[in-house]
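4 protein chains.
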Amino acid sequence: MLKVIAPTVNGPVTMPIRPPVFDPPFNVVRASHVELGVRDLACARAFYVDCLGLLVSDETADALYLRGVEERNHHSIVLKQVREAKAHALGFKLAGEDDLDRATSWFARRNLPVSFPSVPHQGRTLRTADIFGTPIELYATMDQAPSMLQKYASHQGARIQRIDHLNCFTPDVQASYDFYSELGFRLTEYSETDGDDPKLWAVWLQRKGNVHDIAFTNGFGPRLHHVGLWTSGILDIIHVCDVMATSGYLANMERGPGRHGISNAFFLYVRDPDGHRVELFTSDYLAVDPDHAPIRWSLTDPQRQTLWGQPAPASWFEEGSVFSCIVPRQPVLTAQPIVAP
Amino acid sequence: MLKVIAPTVNGPVTMPIRPPVFDPPFNVVRASHVELGVRDLACARAFYVDCLGLLVSDETADALYLRGVEERNHHSIVLKQVREAKAHALGFKLAGEDDLDRATSWFARRNLPVSFPSVPHQGRTLRTADIFGTPIELYATMDQAPSMLQKYASHQGARIQRIDHLNCFTPDVQASYDFYSELGFRLTEYSETDGDDPKLWAVWLQRKGNVHDIAFTNGFGPRLHHVGLWTSGILDIIHVCDVMATSGYLANMERGPGRHGISNAFFLYVRDPDGHRVELFTSDYLAVDPDHAPIRWSLTDPQRQTLWGQPAPASWFEEGSVFSCIVPRQPVLTAQPIVAP
Amino acid sequence: MLKVIAPTVNGPVTMPIRPPVFDPPFNVVRASHVELGVRDLACARAFYVDCLGLLVSDETADALYLRGVEERNHHSIVLKQVREAKAHALGFKLAGEDDLDRATSWFARRNLPVSFPSVPHQGRTLRTADIFGTPIELYATMDQAPSMLQKYASHQGARIQRIDHLNCFTPDVQASYDFYSELGFRLTEYSETDGDDPKLWAVWLQRKGNVHDIAFTNGFGPRLHHVGLWTSGILDIIHVCDVMATSGYLANMERGPGRHGISNAFFLYVRDPDGHRVELFTSDYLAVDPDHAPIRWSLTDPQRQTLWGQPAPASWFEEGSVFSCIVPRQPVLTAQPIVAP
Amino acid sequence: MLKVIAPTVNGPVTMPIRPPVFDPPFNVVRASHVELGVRDLACARAFYVDCLGLLVSDETADALYLRGVEERNHHSIVLKQVREAKAHALGFKLAGEDDLDRATSWFARRNLPVSFPSVPHQGRTLRTADIFGTPIELYATMDQAPSMLQKYASHQGARIQRIDHLNCFTPDVQASYDFYSELGFRLTEYSETDGDDPKLWAVWLQRKGNVHDIAFTNGFGPRLHHVGLWTSGILDIIHVCDVMATSGYLANMERGPGRHGISNAFFLYVRDPDGHRVELFTSDYLAVDPDHAPIRWSLTDPQRQTLWGQPAPASWFEEGSVFSCIVPRQPVLTAQPIVAP
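The structure is reproduced here in structure tokens:
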């Protein structure tokens, strides 16, 4: 009989968590890109390229396609010049065209929107939405660009290597969790309220084998909380703090640098010129094992948010990017975490 | 029509590479552990625990079970006190007990050895071998230990986070590649000889989504070349250089620190008191995408081995741990890479 | 005629700064140690040795002598078990015994206290005080201990290399500045109030060639604000954050990690079990040139305190260690910097 | 009576070392710059500025003035376009104009050359030479440039902060040591031959308070071995390895990265396009105390050169930059250290 020495870091699993789905209806490889609307493409370029250090894969009159230095996929951030700065789509890569067919059927059966717009640099792309209307793009192939990982002279700013995850507010964490779990997303960490009838307050879900591809937090939603970009080391993040603070982006530094209890990530949260939030992060862990037990955090544990103790600013809990065409609604749960005074 | 801007970093794929198998006969999650024979357990403990910083999960009169700070699996290195220091087994985790059943049938059908020894701290464990006799352990469940990732006061030495991969000499790289490809291992990088009829000289194969779970190099084999242990950052490796050099382990430092061209890993190769080779490494990349094209390296490109140019010492190419019960044989290919004079 | 391209980083020098004294009455080499009273030596030992990583040079029933890994001087922090936790003395090393004679005459001429107590591990030691009664120890020789810089296996916690500086509240920054300037301490950075009649609000003064050996801030004083300990790199400080936050010292983390505008230091402020404040810091600069112009900061510039923008907590501005036998008084200036809400 | 617990790291001082001169004839502040002849200024600019990351203070048709990001002195490296790439001068900053007068008398009394050429961006400059003809520039004031330390967006390559030291071959280490000691340079570390009659083989001498401003090694000389440039951290040096190796400068990487036993420096030696050697280094220690005992290394101790054991390549021991107008001669000592096979 196998012995579980300590099932989770922070106490026993108490909550209504579904077992992981290892045979999902279609195979999602990972969160792979996000499309954001910006009001001034030149300003956005200065921020993402000159300051943060993303590489330009393509540039048109009204769009900018960006990627990190290790990325082969043509783009992980797409910026579109628009009049209102909203989040346009969350992109997930599927394993193959067959998966795309299965996904189409699956979403259609649930009466969720299904269309196939032409998307530059991507193969056949399914445009759909989750149960709360969050716009989603699914596809299996994208133009391949050269890895610049060993073109070190091209690394700038935070030397961002790749997109890692997407983080959203949802009006109902349990419902979002149930939806994405059914698609094979696996829970790695979660926070919940205390008491006899605990409620899910936030979940971290993964497909690619580390802590998350997508995360959901209780709040006015659906809205995009942030896109997470991965750097190779902590000092890359410290350096971009120094650069931002001394080149006109001091006000864009929202939170950190610090260490999350959840995910163990070393983080910095910044806001782009349109207010979209970007997390630069590193130092999480491998979670590929099927028997990897999720870690529970109490909503009242301040080290959940910041291992080193500093509470997050109120803006971090309250502000996010509205998705185009979807009106957010108030969340089910009214419980709130501790914020900075 | 999708455009491939640059198929690989180092030129077009020219070689007889099988397409990836996305529907393997059973689901291997990752390389998860290795068992090594050592002649003096106390000496080995001083090296692996006090110097390198691995954690002790269990200790008996003749065995030591070790893991890295993020690992939940009970052990990733097992040391057994024996009279001759050989490598005993390569361990791979399967996704579930069903996979273990399918694996058993698969190996039996090929007339490869099949047995189910009792292995401490592991669930049902299949003992088998690959086509060259390399001893393999397959299992789906292991005792779970507490993650020590956020018990920072317990981190010592190189603050090793987890096992990453196993690297072996094989007498026939093409044959080993064919065998493991059929099991769903996917090629990320390879080196081959130049000319009109290129031959595979080394392959890096993965299941968990980064550069490798197992790698094979042309040579007197099968033998274990090294076990690769992952650290969070480069300075953890620099620190263990300083520690080893000033605490009696100078002669155990074989190669590095340096940067591999292949895998982009920042590496240090050390030899344990019995001569088993350990690589401390960090800084590779995500390779989870099904369309992730493998990178080709010419055997005559010195940056393949060390991006910064220093050739590896001859011992690094020649020495390795013999597996118990298997007599190695000379390799098919006689081509040799450049070594330090 | 020599051209000064930019005299200081932050605008012209406007203030009543005395020219540097290059021929001081006696030669102070550097700030070299501090003696602190603690109520529980075992608790203090756990904090300074086990957590921060200082080395023990000597230990008696009621005293603990500590040093950093590169230090040859026997001690840089002396902890004495007492009933009230106060700061006992600031220690400065002189160049030779002749300097000690000259110092004795100089202090005696100014009617400042002069005595020669026996101090363990130190040569002839002059006990005196500055104009506000701050207790000072001057000496030229101390027992020499082995450098542990290349005994890397002994490095723990923040791997502290050496003491760097002492920082005090003073009721009159201008008066403290005048006193220490006369002794040859040179100004590297300062903050002052704005307006037509600017007043010195804080000064950083050095003897050893980097940013400071002693600093004074306007406040209820004299009190010790903190002792500054130098680490080789930023990640040593990040690591001790992780260690403190997960080993019972979360409440001892007062401010940071962050980057000071002043001095460019990467910093972390922690409080020992008795409330004495310690700064772990790195990344300042060389200031040995006689024509090195001091940098002026406006008291209203928030990047003065934290380049990245976060204001310091109120405790950081208000709390400090009272010196034994001296009653602090209110400062001359009432101007206050911005603090965290 | 004071106790010396351990006088040096590596055994007792056995050699004919002069006591430090604390009252030198004139006050040298530090090694401050070097002037090098290069055959192609554009090539040199690409190397020093675009690759290594030095800042351009001034640029003329035949000269380039460079400095590190923390430097206020106008230049620390001057490159002059010439037909033969030699080293032109070693520059030392004096404390004041009075010191320059005293230096002029001192060199004149010894019949060493004395002249006052006009040097751009420098105040009154004495051109002279040491006993072996090494060309030296002494001056007290230089144009002051803005510190770019907190202009982080301008930091590139190795983010070099400042010049640290100059290292030369000399035909007679004892004679060079005697000469510079008389000028107040203090010994921090040295290597010598073993046996009953040990001879000085190399010396590290300082004025500014860390390990060295100038060093001398036994060899065909006088020649410049290298100019040492200081970086804030180890990862700045690792990054420039990656940049050089992947942007056409692989052949310019001569030795390292590694850790010296002597000085504890983390180092990388590179050769500029004309063959002049540059050391990027960090991690030494403070040596400002007058009673700081020098560390002795035996010439036969391989960790003297590289703590981690790798011998230096022969070129590192044999090659150097000839000074203009001075013909080098063979050294007094024939003892040789261990080199890479």
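Protein chains in written order, with this note's numbering: chain A, 11 to 351; chain P, 11 to 351; chain Y, 11 to 351; chain H, 11 to 351. Backbone N, C-alpha and C define an ideal beta-carbon position, used for all residues, glycine too.
Interface flag for P/Cys61 against chain H is unset, since no Cβ pair is found closer than 8 Å. Counting every other CB atom within 10 Å of its CB across the protein chains shown gives A/Phe226 a total of 16 or more, marking it as buried. The Cβ neighbour count for Y/Arg77, taken over all protein chains shown within 10 Å, is at least 16; the residue is labelled buried. Taking each of Y/Phe126, Y/His131, Y/Arg269 and Y/His98 in turn and checking the Cα distance to Y/Glu69, the smallest one comes out for Y/His131.
Under DSSP, P/Gly268 forms a beta bridge with P/Phe277.
Per DSSP, reduced to three states, the secondary structure at Y/Ile336 is coil, with no helix or strand assignment. Nearest to H/Pro312 by alpha-carbon distance, out of P/Ile336, P/Gly319, P/Leu309 and P/Thr256, is P/Thr256. Taking A/Ser191 as the centre and dropping the five residues before and after it, the same chain places the C-beta of Arg28, Pro30, Val31, Leu197 and Leu215 closer than 8 Å to its C-beta, in chain order. Listed along chain A is no residue with a C-beta nearer than 7 Å to that of P/Asp33; the closest approach is about 10 Å. Residue pairing from DSSP leaves A/Phe126 without any beta-bridge partner. Taking a cut-off of 8 Å for Cβ pairs, the region 194-214 of chain P and the region 54-73 of chain P do not touch, as fewer than three such pairs fall below it. By the C-beta criterion, the region 138-157 of chain P is judged to be in contact with the region 96-109 of chain P, since at least 3 inter-stretch pairs fall below 8 Å. In the DSSP assignment, P/Tyr190 falls within the alpha helix (DSSP H) that extends over Val183 to Glu192. The C-beta of P/Asp223 comes no closer than 8 Å to any C-beta of chain H. Using a Cβ-Cβ distance cut-off of 8 Å, the region 39-50 of chain H and the region 111-119 of chain H are not in contact, since fewer than three pairs of beta carbons, one from each stretch, lie closer than that value. Bounds of the alpha helix (DSSP H) holding H/Asp108 are Glu107 to Arg119. Shown here, A/Asn262 sits in a helix according to DSSP, grouped into three states.
Under the DSSP assignment, Y/Glu69 falls in the beta strand (DSSP E) whose first and last residues are Leu65 to Glu69. Under the three-state reduction of DSSP, Y/His249 is assigned to helix. Pairing Y/Ser308 with Y/Asn228, the inter-Cα distance amounts to about 14 Å. Straight through space, the alpha carbons of P/Val88 and Y/His165 are spaced by roughly 28 Å. Straight across, the Cα-Cα distance linking Y/Glu329 with P/Gly319 is about 55 Å. Membership of H/Trp326 in the alpha helix (DSSP H) is indicated by the continuous run Ala324 to Glu328. Our two residues, P/Ser186 and P/Leu260, have alpha carbons roughly 35 Å apart in a direct line.
Cβ contact annotation for Y/Met152 (same chain, cutoff 7 Å, sequence separation greater than five): Asn83, His84, His131, Gln132 and Gly133, in chain order.
According to the DSSP assignment, A/Cys178 belongs to the beta strand (DSSP E) that extends over Arg172 to Thr180.
Closest option to P/Cys178, judged by alpha-carbon separation, among P/Asp223, P/Arg169, P/Gln91 and P/Pro323: P/Asp223. Around the beta carbon of P/Phe126, a 10 Å sphere encloses fewer than 16 other beta carbons of the protein chains shown; the residue is thus reported as exposed. A Cβ-Cβ separation of about 5 Å places P/Pro34 in contact with P/Leu193 under the 8 Å criterion. Beyond the five residues adjoining it in sequence on each side, P/Thr138 comes within less than 6 Å, by CB distance, of Phe117, Leu122, Pro123, Val124 and Ile146 in the same chain, given in chain order. P/Glu94 sits away from P/Ser157, with the two beta carbons spaced by 8 Å or more. If you check the CB distance, Y/Asp109 and Y/Phe36 come in under 8 Å.
Per the coordinates, the alpha-carbon of H/Ala54 lies some 14 Å from the alpha-carbon of H/Ala97. Only exposed fits P/Asp72, as fewer than 16 other CB atoms lie within 10 angstroms of its CB.
About 20 Å separates the CB atoms of H/Ile247 and H/Leu296; that is not less than 8 Å, and the two are not in contact. Only His131, Gln132 and Gly133 from the region 125-141 of chain H bring a Cβ to less than 9 Å from some Cβ of chain Y.
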